[in-house]
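Participant: Numbering (my numbering), first residue to last: 405 to 714. Supplied in structure tokens, the structure appears directly below.
Structure follows, in structure tokens:
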């Protein structure tokens, strides 16, 4: 009998959805307003550009004009699934905002199949540029003008959202847009891959490895060694536009070894920042779906500390 891990089952479900033609299922469902009142946070759904929105969280404890770190979050889901508005992500960002005392912006980028790669990356870049438009205090959203410390902007993403977060930080380092200063990057079980296996884990789990590669192609990518998904092939890695990076890895995750290789490659690239890595038991992105487990709480504490300090 073949036994699949949680991540393998996720990939199989994704391919089933695509094969069935049920694109609505892959999109993560319709917009969901906040389901349960959250008394400790001011939240607001904001428009970034036409077709792209985000959910903003500001701790209600923030005094007028108190400046706080900002975490811009990119959700996972193999690029094609899930939503910033789903309850597990909503709960996570609410908790991060209130317990770490940060402003959070959870980005609802458009997803394949309707909007293939590079659209999720471009939408996410638009969200970061939207944030930067507030740096002089004259942006379209007063909560951002009044409460964000623009010297402490952090990017965070899980799985494919981690892929996006890395690429946004890299683009920021290369283009250096006005008003944008990314202090740190938190990659949570990031989705990185490539054509050549880098570990016995990948060669031993052929089915899961093939499914992992298929995520990129299903989402509209054409080359699994594209630097966007395989940063080990990126000659610009040293230009990553932030001061520090946290890579969070799960022992049972098929992407575990890629996360370690990313951490090592970053250190060898000539990048001038500080990188750290955290590994826990568990499977892919368990901390979102099982937030009350001991290891999920450990991750939450580490991330909270990371984004609370410049």
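The beta carbon of each residue, even a glycine, is placed where N, CA and C say it ideally should be.
List the endpoints of the continuous beta strand (DSSP E) containing residue 460.
Facilitator: Element bounds for residue 460: 456-463.
Participant: Whole angstroms are fine: how far does the CA of residue 675 sit from the CA of residue 650?
Facilitator: Their backbone Cα atoms lie some 14 Å apart in a straight line.
Participant: Short check: CB of residue 566 to CB of residue 584, under 8 Å?
Facilitator: Not a contact, by the Cβ cut-off of 8 Å.
Participant: Considering Cα atoms alone, identify which of 653, 661, 668, 658 is closest to residue 699.
Facilitator: Taking only the C-alpha atoms, the option nearest residue 699 is 653.
Participant: In terms of residues, what are the limits of the alpha helix (DSSP H) holding residue 574?
Facilitator: Looking at the DSSP string, the run of the alpha helix (DSSP H) that includes residue 574 is 564-579.
Participant: Secondary structure at residue 657, three-state DSSP: helix, strand or coil?
Facilitator: Correct three-state label for residue 657: coil.
Participant: Within 10 Å of its beta-carbon, does residue 694 have 16 or more other beta-carbons around it, so buried, or fewer, so exposed?
Facilitator: When all chains shown are included, residue 694 counts as exposed.
Participant: Look at residue 513 and residue 442 and say whether their C-beta atoms are less than 8 Å apart.
Facilitator: No, the pair does not count as a contact, with Cβ atoms beyond the cut-off.
Participant: With 16 other CB atoms within 10 Å as the buried threshold, where does residue 578 fall?
Facilitator: Exposed is the call here.
Participant: Cβ of residue 556 within 8 Å of Cβ of residue 587?
Facilitator: Contact: yes.
Participant: Among 530, 445, 533, 548, which has the Cα closest to the Cα of residue 496?
Facilitator: When each option's Cα is compared against that of residue 496, the closest is 445.
Participant: When DSSP labels each residue in this structure, what does residue 586 get in the three-state scheme?
Facilitator: Residue state, collapsed to three classes: strand.
Participant: According to the neighbour-count rule (16 or more other Cβ atoms, all chains shown, within 10 Å of its Cβ), is residue 639 buried or exposed?
Facilitator: Classification for residue 639: exposed.
Participant: On the three-state DSSP scale, how would you describe residue 692?
Facilitator: Helix.
Participant: Taking just the CA atoms, how far does residue 458 sit from residue 600?
Facilitator: C-alpha separation (whole angstroms): 36 Å.
Participant: Shortest alpha-carbon distance to residue 624 belongs to which of 516, 469, 450?
Facilitator: Among 516, 469, 450, the Cα nearest to that of residue 624 is on 516.
Participant: If you compare alpha carbons, which of 484, 636, 647, 645 is closest to residue 668?
Facilitator: Measuring from the Cα of residue 668, the nearest candidate turns out to be 636.
Participant: Straight-line CA distance for residue 594 to residue 454?
Facilitator: Each residue's alpha carbon lies about 28 Å from the other.
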